[in-house]
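K.L.:
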Amino acid sequence: MSQIDRRKFLRACGAGITASALALKAPYVFARNRTTLRVMGTHVTLQEPLRLRAMKELGINIEYTPMGSAAVLQKAAADPSSFDLYEQWSDSINILWQAGAIQPIEIDRLTYWKEINALTKVGRLTPSANIGAGDAPNKILYVQSDGSLGSSESKRISFLPYVHNVDSFGYNTNFIAKGKAYETESWGWLLDESNKGKTGIVNAPTIGIFDLALAAQANGLVSFQNIGNMTIQEIDKLFKVLLEKKRGGHFSGFWTSVPQSVQFMLDKRVHIQSMFSPGVSACRGQGVPVVYASPKEGYRAWHGVMCLSALTKDHVKDAAYDYMNWWLSGFPGAFIARQGYYISNPERSRSLMSSAEWDYWYEGKAAKTSLRGTDENIIINEGEIRDGGSYIKRFSNIAVWNTVMENYDYSLDRWYELLNA
Numbered sequence: 001m002s003q004i005d006r007r008k009f010l011r012a013c014g015a016g017i018t019a020s021a022l023a024l025k026a027p028y029v030f031a032r033n034r035t036t037l038r039v040m041g042t043h044v045t046l047q048e049p050l051r052l053r054a055m056k057e058l059g060i061n062i063e064y065t066p067m068g069s070a071a072v073l074q075k076a077a078a079d080p081s082s083f084d085l086y087e088q089w090s091d092s093i094n095i096l097w098q099a100g101a102i103q104p105i106e107i108d109r110l111t112y113w114k115e116i117n118a119l120t121k122v123g124r125l126t127p128s129a130n131i132g133a134g135d136a137p138n139k140i141l142y143v144q145s146d147g148s149l150g151s152s153e154s155k156r157i158s159f160l161p162y163v164h165n166v167d168s169f170g171y172n173t174n175f176i177a178k179g180k181a182y183e184t185e186s187w188g189w190l191l192d193e194s195n196k197g198k199t200g201i202v203n204a205p206t207i208g209i210f211d212l213a214l215a216a217q218a219n220g221l222v223s224f225q226n227i228g229n230m231t232i233q234e235i236d237k238l239f240k241v242l243l244e245k246k247r248g249g250h251f252s253g254f255w256t257s258v259p260q261s262v263q264f265m266l267d268k269r270v271h272i273q274s275m276f277s278p279g280v281s282a283c284r285g286q287g288v289p290v291v292y293a294s295p296k297e298g299y300r301a302w303h304g305v306m307c308l309s310a311l312t313k314d315h316v317k318d319a320a321y322d323y324m325n326w327w328l329s330g331f332p333g334a335f336i337a338r339q340g341y342y343i344s345n346p347e348r349s350r351s352l353m354s355s356a357e358w359d360y361w362y363e364g365k366a367a368k369t370s371l372r373g374t375d376e377n378i379i380i381n382e383g384e385i386r387d388g389g390s391y392i393k394r395f396s397n398i399a400v401w402n403t404v405m406e407n408y409d410y411s412l413d414r415w416y417e418l419l420n421a
């Protein structure tokens, strides 16, 4: 064989070997590229712009299944095969963990873990801040050696800390005079007789019950030794008040999703109601003058959780970690800031926000220009100051965290009794 023929032969063999190697690898590459990640959660974070952006940047298919808070928790707890990743609030953790529906998350696989701030890891942003009653996120974050959840650091966690906020109620200033933040605005307004027939409440047993408990306590109708863990006697006293109000026509509706809460306001079905920040932003974007109250009693706080299904494994599990890391990579944090939400490592998103946006949403300063929401509508006018002020100010005034109480099952029965009354 001549040298030329030999070189041709070797090149041909090399090409064949390379082709064979690619053929062997192809199924893996194809599977990886075509991995579908099923994310179950609420309309709050499962938004189409985020899905499209994540698919483009991660090279995976992503299916969102948004539902109301109560429905998504019930579905996830009963059927972990129905999702790969779960997104909701920290009050769902104990239920999911006890049901065996989710698996631990390995901290070593989280790219930005060290950037996550003290709110999740310690329970407050500053040493002087009020932690609040109930399940502050640090109390249920770490997987302990005995398999329980607690605040002692470990290498495994029950959820990825990402979005969070403080919630209260929204009210339409066309019908209710604007109050003063932290001074006159009160949870008690939800049960005030002047708002009879025009009051809406979120239909989520681990959320709405605290809005109403705070309202009842503010009006001196019921008192609680620990509002984050009510006794059966305290729950009974609370629901005696609420049932009388319901039968008297006080409540005009119980909403199950953010879009529904917006529609309540647009239809003037309510003048005041439990609200989440995106609902307030959407109302303002459509011309409804809704103020998001800063109650003198303190906020009801929540922390978003992203959890791995107990059944997620192999390539899908890899994709799930990619998606979790993507959420803390900058863009998602900047995006959700425009609907009033915070991210656990805010400095990474800062460069993707204008200085006017950062100053308004995080620093509590007057808007230097008009600001747009996630739907591109102008929701903040030049000169406006965020309801409640800065990130630190708002999270220094927490009354209670969204929580699953020890008497949750009993409170759940009473909640459905209220809905059906």
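Just so it is clear: in the sequence shown, position 247 is 247 by our numbering, and no numbers are missing. Each residue gets a CB set at the ideal place from its N, CA and C atoms; glycine is no exception. Predicted model only: the values in this text are computed from it and were never measured.
#1: Sorted by chain position, which residues of the same chain lie with C-beta nearer than 8 angstroms to L243's C-beta, five sequence neighbours on each side aside?
#2: Check whether the region 305-321 touches the region 367-387, counting contact only when three or more Cβ pairs, one atom from each stretch, lie closer than 8 angstroms.
#3: Closest by CA to K428, which one among G59, L52 and I102?
#4: Keeping to the same chain, check which residues put their C-beta closer than 6 angstroms to that of L46; ignore five residues upstream and five downstream.
#5: Less than 7 angstroms between the beta carbons of G228 and V122, yes or no?
#6: Report back the beta-carbon spacing between K296 and E193 to the nearest angstrom; my notes put them in contact at under 8 angstroms.
#7: I'd like to confirm the pairing. Which residues does DSSP put opposite D84 in its beta bridges?
#8: When burial is assigned at 16 or more other CB atoms within 10 Å of the CB, is Y28 buried or exposed?
#9: List the DSSP bridge partners of I62.
#10: Rounded to whole angstroms, what is the Cα-Cα separation between Q260 and I201?
#11: Scan the region 123-187 and note each continuous beta strand (DSSP E) run of 3 residues or more that stays entirely inside, going in chain order.
#12: In three-state DSSP terms, what is S257?
#13: Going by alpha carbons, who is nearest to I93 out of D314, S257, I398 and G134?
#14: DSSP on L212, reduced to helix/strand/coil?
#15: Let's see if you can read the secondary structure: which residues bound the alpha helix (DSSP H) around Q98?
#16: Are the CB atoms of R284 and I385 within a distance shorter than 7 angstroms?
#17: Judging by CA-CA distance, which residue of S294, A301, V258 and R350 is the nearest neighbour of S424?
#18: What's the C-alpha gap between S355 and L412?
#19: Specify, as a first and last residue, the run of the alpha helix (DSSP H) that H315 falls within.
#20: Here's the rule I'm using: 16 or more other beta-carbon atoms within 10 Å means buried, otherwise exposed. How should A78 be labelled?
#21: Within 10 Å of its beta-carbon, does V404 have 16 or more other beta-carbons around it, so buried, or fewer, so exposed?
#22: Using CA atoms only, rank isn't needed, just tell me which of G147, L119 and K114 is closest to Q98.
#23: Measure from the C-beta of H271 to each C-beta in chain C and report whether the shortest distance is under 7 angstroms.
#24: Give me whichever residues DSSP pairs with C307 in a beta bridge.
#25: Tell me, please, whether the region 325-333 touches the region 342-353 by the rule of three or more beta-carbon pairs shorter than 8 angstroms.
#26: Alpha carbon to alpha carbon, how far is L214 from H271? Give it in angstroms, no decimals.
#27: Taking I232 as the reference, which of F395, N407 and T36 has the closest Cα?
#28: Hey, out of K114, R394 and H303, whose CA is closest to A293's CA?
#29: Using the beta-carbon count (16 or more within 10 Å), is R414 buried or exposed?
#30: Check R269 in the structure and name its three-state DSSP category.
#31: Can you list, in chain order, the residues of its chain whose CB lies under 6 angstroms from that of L141, leaving out five sequence neighbours each side?
#32: CB of F254 to nearest heavy atom of the ligand MN: below 6 angstroms?
#33: Flag this pair as yes or no: are the beta carbons of T35 and S69 separated by less than 7 angstroms?
#34: Short of 6 angstroms in beta carbon distance, which residues of its chain neighbour F210, apart from the five on each side in sequence? Order them along the chain.
#35: Taking the DSSP output, what are the residues bridged to V202?
P.N.:
For this structure:
#1: Position 243 of the sequence shown, counted from the first residue, corresponds to residue 243. These residues qualify, in order along the chain: E417, L418 and A421.
#2: no
#3: This structure gives no information on residue 428, because the portion of the chain shown stretches from 1 to 421.
#4: The count along the sequence shown starts at 1 and reaches residue 46 at position 46. Same-chain partners within the cutoff: Y64 and P66.
#5: The count along the sequence shown starts at 1 and reaches residue 228 at position 228. The count along the sequence shown starts at 1 and reaches residue 122 at position 122. Contact: no.
#6: Indexing the sequence shown from 1 puts residue 296 at position 296. Indexing the sequence shown from 1 puts residue 193 at position 193. With 8 angstroms as the limit, K296 and E193 do not qualify as a contact, their Cβ atoms being about 20 angstroms apart.
#7: Your numbering for residue 84 matches position 84 in the sequence shown. Note: D84 sits in no beta bridge, so no partner.
#8: Here residue 28 corresponds to residue number 28 of the sequence shown, with the count starting at 1. Confidence is the limiting factor: at Y28 the pLDDT is only 39, short of 50, which leaves the residue's position unreliable, though a coordinate-based value still follows. Result: exposed.
#9: Counting from one through the sequence shown, the residue named residue 62 turns up at place 62. BP columns for I62 point to L37.
#10: Here residue 260 refers to the residue found at position 260 when the sequence shown is read from its first residue. Here residue 201 refers to the residue found at position 201 when the sequence shown is read from its first residue. Distance between the alpha carbons of Q260 and I201 is about 11 angstroms.
#11: 160-172
#12: Reading the sequence shown from its first residue, position 257 is the one you call residue 257. Coil, per DSSP.
#13: By one-based count along the sequence shown, residue 93 stands at place 93. Ranking D314, S257, I398 and G134 by Cα distance to I93 puts G134 first.
#14: Locating residue 212 in the sequence shown gives position 212, where the first residue counts as 1. Helix at L212.
#15: For the purposes of this step, residue 98 is taken as residue 98 along the sequence shown, with counting starting at 1. Unbroken alpha helix (DSSP H) run through Q98: I93 to Q98.
#16: The sequence position of residue 385 within the sequence shown is 385, counting from 1. The sequence position of residue 284 within the sequence shown is 284, counting from 1. No, the Cβ-Cβ distance between I385 and R284 is not below 7 angstroms.
#17: Shown here, the chain extends from 1 to 421; a query on residue 424 therefore has no answer.
#18: Counting from one through the sequence shown, the residue named residue 355 turns up at place 355. Counting from one through the sequence shown, the residue named residue 412 turns up at place 412. Between S355 and L412, the C-alpha separation is close to 45 angstroms.
#19: As a position in the sequence shown, residue 315 is number 315, starting the count at 1. Run containing H315: D314 to W327, per the alpha helix (DSSP H) assignment.
#20: One-based indexing of the sequence shown puts residue 78 at position 78. The residue is exposed, with fewer than 16 neighbouring Cβ atoms inside 10 Å.
#21: Mapped onto the sequence shown, residue 404 falls at position 404. With 16 or more Cβ atoms within 10 Å of its Cβ, V404 is classed as buried.
#22: Translated into positions along the sequence shown, residue 98 becomes position 98. Of the listed residues, the one whose Cα sits closest to Q98 is G147.
#23: This model lacks chain C altogether, as it is built from one protein chain only.
#24: Along the sequence shown, read from residue 1 onward, the residue named residue 307 stands at position 307. Y86, per the DSSP bridge assignment.
#25: yes
#26: One-based indexing of the sequence shown puts residue 271 at position 271. One-based indexing of the sequence shown puts residue 214 at position 214. Straight-line Cα distance between these residues: approximately 19 angstroms.
#27: The sequence position of residue 232 within the sequence shown is 232, counting from 1. Checked all of F395, N407 and T36; the closest Cα to I232 is N407.
#28: By 1-based counting over the sequence shown, the position of residue 293 is 293. Closest by alpha carbon: R394.
#29: Taking the first residue of the sequence shown as 1, we reach residue 414 at position 414. R414 should be labelled buried.
#30: What you label residue 269 is simply residue 269 of the sequence shown in a count that begins at 1. If DSSP states are grouped into helix, strand and coil, R269 belongs with coil.
#31: Numbered from 1 along the sequence shown, position 141 holds the residue referred to as residue 141. Closer than 6 angstroms at Cβ, skipping near neighbours: I157.
#32: For the ligand MN, the structure offers nothing, since it holds no ligand at all.
#33: Translated into the one-based positions of the sequence shown, residue 35 becomes position 35. Translated into the one-based positions of the sequence shown, residue 69 becomes position 69. No, these two residues do not count as a Cβ contact at 7 angstroms.
#34: Along the sequence shown, one-based indexing puts residue 210 at 210. Result list for F210: R300 and V400, in chain order.
#35: The residue labelled residue 202 in the question sits at position 202 within the sequence shown. Paired residues: W255.
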